[in-house]
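Worksheet for the structure shown next.
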Amino acid sequence: ELHRLVAEVAQMSGLPKPRVAIIESEAPNAFATGRNCDHALVAATTGILQLLDERELRAVLSHELGHIRNKDILVGAVAATIAGAVTLVAQIARWGMIFGDRSARDDEGGAGLIGDLLLLFLAPIAAMIIQMAISRSREYGADETGAEVSHDPLALASALEKLEAYSQRIPLPVNPSVSHLFIVKPLTGASLQNLFSTHPPTAERIARLRRVAQQMGITGGVGPAANRIYGR
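Going by our numbering, the letters in the sequence shown line up with residues 1076 to 1307, in that order.
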């Protein structure tokens, strides 16, 4: 059944059918990965297969294939690499200040030293904030692409509502470095959420999808295009 839905959504998206994987977990979630559309994979947990109806699951798969079509995995990898490089350079510079030429630092004066220290500590934080902002923007983009492909933004909004509620109760224990791949944040608890979260607020995503539905002339249920897809 999952293979059939992925094949349908891939055809609607104009993409080759990606590989399909199932994660044995009660936590409802899904993700897509792969360096390009010819080497992509879509994974879904057993929890999400049990939680969502077919219409909502199709909308989630449209979101995930939206990531593939928008090349979000590549963009995320580049952003993570740049952020990692900035952090590494800052670490090297800090060690250089500790073990470097003291006389040169004395000549610069205290103000210069404080400025250098602030730059070295703030640069990695700034790089991380930018990386998280890129991740959030790609989620919005995948939502819009998924709504365009499925012609059913309200189904994706409904799925996100369910996923947000259940994920809070049943978090998916994953390495934080890959949490940005999932359709909803798999880990509970976050500080400074707006700056350092890999996902935008689910409520805002749902509001945007409802605005998209209004623009498509859908006020409830599914739109005419979605009716044709579902054979109604």
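Using N, Cα and C, we set each Cβ at its ideal position, and we do this for glycine too.
Which value, in whole angstroms, describes the spacing of the CA atoms of residue i and residue j?
i: residue 1229; j: residue 1288; result: 7 Å
i: residue 1157; j: residue 1231; result: 32 Å
i: residue 1119; j: residue 1104; result: 6 Å
i: residue 1089; j: residue 1096; result: 21 Å
i: residue 1076; j: residue 1099; result: 16 Å
i: residue 1081; j: residue 1262; result: 26 Å
i: residue 1128; j: residue 1086; result: 20 Å
i: residue 1093; j: residue 1116; result: 5 Å
i: residue 1142; j: residue 1167; result: 35 Å
Ignore the nearest five residues each way along the sequence and tell me which others in residue i's own chain have a CB closer than 6 Å to its CB.
i: residue 1260; result: 1274
i: residue 1255; result: 1210 and 1273
i: residue 1213; result: 1147
i: residue 1078; result: 1095
Among the options, whose alpha-carbon lies nearest the alpha-carbon of residue i?
i: residue 1240; options: 1254, 1278, 1223 and 1106; result: 1278
i: residue 1125; options: 1225, 1078 and 1102; result: 1102
i: residue 1123; options: 1283, 1132 and 1284; result: 1132
i: residue 1058; options: 1081, 1226, 1282 and 1112; result: No answer is possible for residue 1058: the residues shown for the chain start at 1076 and end at 1307.
i: residue 1251; options: 1207, 1290, 1281 and 1285; result: 1207
i: residue 1114; options: 1135, 1149 and 1234; result: 1149
i: residue 1227; options: 1134, 1164 and 1084; result: 1134
i: residue 1311; options: 1293, 1091, 1110 and 1140; result: Lying outside 1076 to 1307, the shown extent of the chain, residue 1311 is not represented and no answer is given.
For residue i, which beta-bridge partners are listed by DSSP?
i: residue 1311; result: Residue 1311 lies beyond the stretch modelled for the chain, which goes from 1076 to 1307, so this question has no answer here.
i: residue 1108; result: 1116
Tell me which same chain residues have a C-beta within less than 7 Å of the C-beta of residue i, skipping the five on either side of it?
i: residue 1219; result: 1287
In its own chain, which residues sit with a C-beta less than 8 Å from the C-beta of residue i, not counting the 5 before and 5 after it?
i: residue 1246; result: 1102, 1261, 1262 and 1263
i: residue 1108; result: 1115, 1116, 1118, 1148 and 1256
Exercise for review: Could you name each continuous alpha helix (DSSP H) segment of 4 residues or more that falls completely within the segment 1213-1289, going from the start of the chain to the end?
Suggested key: Look at the segment 1213-1289 and you find these whole runs of alpha helix (DSSP H), each 4 residues long or longer: 1228-1244 and 1268-1271.
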